[in-house]
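Visitor: Submitted below is the structure of interest, expressed as structure tokens.
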Amino acid sequence: MPTYEYKCLACDNRFERFQGITAPAIEECPECNGKVKRLIGAGAGLIFKGSGFYITDYRSEGYKESAKKDKNESSDKSTSSDKSGKKEKKTDTSGESKSTSTD
-6 MPTYEYKCLA CDNRFERFQG ITAPAIEECP ECNGKVKRLI GAGAGLIFKG
44 SGFYITDYRS EGYKESAKKD KNESSDKSTS SDKSGKKEKK TDTSGESKST
94 STD
């Protein structure tokens, strides 16, 4: 549940209330019973606690290396099956003939 901040328009008293989102806004100051206005807060700051967030959030180097090996092996198998399946002969179709002239 969010914490809302209020300010009294009569006595400038500022206070916070822990309320549900669907709860009605507070209309009276607890000090002077004057009208209050709900302030827009910045919210909770982002807090990083723990041993680390970059290294521990990603896979280990050992996992990355084995995944890379598996990927290379599967790509080698697919290229070798392509080579054994169809072989195309490439012929020189450039149409150019080299002539040697002796002057």
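All residue numbers for the sequence shown refer to my numbering, where the first residue is -6 and numbers rise by one. Note that the Cβ used here is the ideal one computed from N, Cα and C, for glycine as well. As the structure is a prediction and not an experimental result, all values here were calculated from the model.
Take ASP5 as the anchor and find which of LYS62, LEU32 and PHE11 has the nearest alpha-carbon.
Guide: Minimum Cα distance to ASP5 is reached at LEU32.
Visitor: Sorted by chain position, which residues of the same chain lie with C-beta nearer than 8 angstroms to GLU20's C-beta, five sequence neighbours on each side aside?
Guide: LYS28 and VAL29
Visitor: Exposed or buried, TYR56, counting other C-beta atoms within 10 Å across all chains shown (16 or more means buried)?
Guide: Classification of TYR56: exposed, given that the 10 Å Cβ count is below 16.
Visitor: In three-state terms, what does DSSP make of GLU54?
Guide: helix
Visitor: Check LYS61 in the structure and name its three-state DSSP category.
Guide: helix
Visitor: For GLU(-2), which of helix, strand or coil comes out of DSSP?
Guide: strand
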